[in-house]
Amino acid sequence: MKAKKNYFEKLFSDKRFTIVFSILIAIGLWFVVRSIINPNSIATIRNVKVNYDYNSAAYLSQGLDIVEKDTEDKSVTISGDDNQISGVEAEDILLYPNYSQVNGPGTYTLKLVATQADSLLNSRSYDFNEISPSAYVQVTFDKVSTKKFTITVNASGIDPEDGYYVDTPVASPAEVTVRGPESVVNSIDKVMANVTLNEKRTESALTTAQLEFLDKEGNPVDSTYLTMDVSQVEVTIPVLKIKEVPLTVEYTHVPVGYDVEVLNPTLSQETIRVAGSAEQVDALESINAGYIDLAKLQLGTSVDLSTELPDGLRNIDSVQKVTVSFNTMGFTTRTISVSEIRVVNAASGTTVTPSVGRINNVTLIGREDELEELSESSVVAQIDASPTNVSVTKGQQNMEVEIIVPGTETVFATGTYTVLCDISTGA
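Residue 597 is where the sequence shown starts when you use the working numbering, and the numbers rise one by one after that.
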């Protein structure tokens, strides 16, 4: 027995025997594994989605985009060793069309290519055998177009309280840039943001709205293949307070102390309804319809004023123009020459001397009785020589003249007058 044991110890101590024995053991184990693991196993992976974005540069580089595509999931049959295909799921497989034959707009039948998903690429080894129910998909391409649209807000259901007004809703942002198939983009006529608020309000409302694309007939445009820089917008629906206030007018070139009410002005619109924030409206006393230049007034004529409201106010009555007429019955005009020319407000050391001693053809307006009694010598032509009105330090300059008619209630000068003056400074 001991001799037998020594025999085996001597045998295994032989290096050549050990190598040969190890090889035989490895071959035996390989046959055992082969008998357990089936190298020809087959599995069918269901609900595999077609990835149309993979390798999309092939058609995007031609200015194309997908208009229509098959959306049916596929089943992919794979084969290989059990330990390689076991546990493979739909998301482990990348299934995409071969776009090599796409060369312009149109409908193509494209063969599908199956491979391992990028995240698992080369992590397992198996073969792709079959794609069913079909290894082909039908895809329609069209040219890509980009266009900017103004967003129109359609708000309904807002019921303002008495004395309040719902102004035009505003979307933010006010525009949307749409990109997609040219035929689809060109079919868009209007982009809408629809808002419905069923409630009474005295304050403005702020909400969000999804965008809807409509064609010229008002039908929805399929936006499946469209991309846009915004998909929803903030919508402000202003609810403003209404107030009716009187309209007034103001005058320019009015002589000091002159009361324009002697001209008996009448406005075609005495009041106006405006809407705005409660704070702004409550503080409002009147609205200035515009300015009347007395220097341009002519007897028997009316003046049209374009009415502009202060920022933040809305013109509920849509009053765009106010006509001001004057009841000047008994008024007339008279043309005179003015020889009394005075210079006022000249700076120290500055001399302003009119180059003429008389201003001819000065037109006066007033009641006939006052004009008849008026002496030309009582009328004064005044030149304001304030430094802000003098543009030269030496030489000549045309300067505006103000005609003053003291001692009358209704008489004033109409028209503009200038005098050439000699100007010098220093000693």
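Glycine residues also receive a C-beta, built at the ideal position from the N, C-alpha and C atoms.
Three-way DSSP call (helix, strand, coil) for residue i in this model
i    : result
P842 : strand
A770 : coil
Q828 : strand
Y655 : helix
N679 : helix
N790 : strand
P693 : strand
S819 : coil
I932 : strand
V762 : strand
T924 : coil
V628 : Since pLDDT at V628 reaches only 49, below the 50 mark, its modelled position is unreliable, and no value is offered.
D688 : helix
V781 : helix
L859 : helix
N750 : strand
P983 : helix
D755 : strand
D666 : coil
D714 : helix
Alpha-carbon to alpha-carbon, residue j and residue i
i     : j    : result
G991  : S933 : 26 angstroms
S752  : S768 : 18 angstroms
A942  : P851 : 21 angstroms
Q828  : D755 : 24 angstroms
D1018 : E936 : 17 angstroms
G657  : D666 : One detail in the question is off: residue 657 reads as Ser in this sequence, not Gly. Those two C-alpha atoms are separated by around 22 angstroms.
D738  : G702 : 7 angstroms
V663  : V684 : 32 angstroms
T1014 : R938 : 13 angstroms
L863  : V899 : 10 angstroms
N923  : T897 : 10 angstroms
G962  : E972 : 14 angstroms
V988  : E840 : 51 angstroms
Y648  : D763 : 46 angstroms
V831  : L793 : 12 angstroms
D889  : H849 : 6 angstroms
I955  : G908 : 47 angstroms
E668  : P777 : 22 angstroms
V628  : S675 : Reliability of the predicted coordinates at V628 is poor, the pLDDT of 49 falling under 50, and no value is obtained from them.
D980  : E968 : 29 angstroms
Y695  : Y655 : 7 angstroms
E857  : F927 : 14 angstroms
G945  : I999 : 26 angstroms
K786  : V740 : 19 angstroms
A805  : V826 : 11 angstroms
T867  : R797 : 26 angstroms
T929  : L960 : 5 angstroms
T1004 : E966 : 7 angstroms
S882  : V749 : 32 angstroms
V835  : S800 : 4 angstroms
A710  : Y704 : 19 angstroms
V733  : V780 : 22 angstroms
V948  : E875 : 51 angstroms
G1011 : V958 : 8 angstroms
S761  : P906 : The sequence given here has Tyr at residue 761, not Ser. Distance between the alpha carbons of Y761 and P906 is about 17 angstroms.
The beta strand (DSSP E) enclosing residue i, as first and last residue numbers
i     : result
E936  : 936-940
E969  : Premise fails: E969 lies in the alpha helix (DSSP H), 964-969, not in any beta strand (DSSP E).
S974  : No beta strand (DSSP E) holds S974; DSSP gives it neither H nor E.
S725  : Per the sequence shown, the amino acid found at residue 725 is Asn instead of Ser. Where N725 is concerned, the enclosing beta strand (DSSP E) stretches over 723-728.
T804  : 801-810
P950  : 946-950
Y1013 : 1013-1021
A639  : 637-644
Q992  : 991-1000
V899  : 899-902
T1010 : 1008-1010
Boundaries (first-last residue) of the alpha helix (DSSP H) holding residue i
i    : result
L890 : First-last for L890: undefined, no H or E at that position.
Q916 : Element bounds for Q916: n/a, residue is neither H nor E.
D878 : 874-878
Counted within 10 angstroms of its Cβ, other Cβ atoms place residue i as buried (16 or more) or exposed
i     : result
M1048 : Past the edges of the chain, shown from 597 to 1023, lies residue 1048, and the structure says nothing about it.
D661  : buried
T640  : exposed
P816  : exposed
K837  : buried
Q916  : exposed
V952  : exposed
L802  : exposed
Y887  : exposed
L807  : buried
L691  : buried
S631  : Note on S631: pLDDT 44, under 50, position unreliable in the model; no value is reported.
K670  : buried
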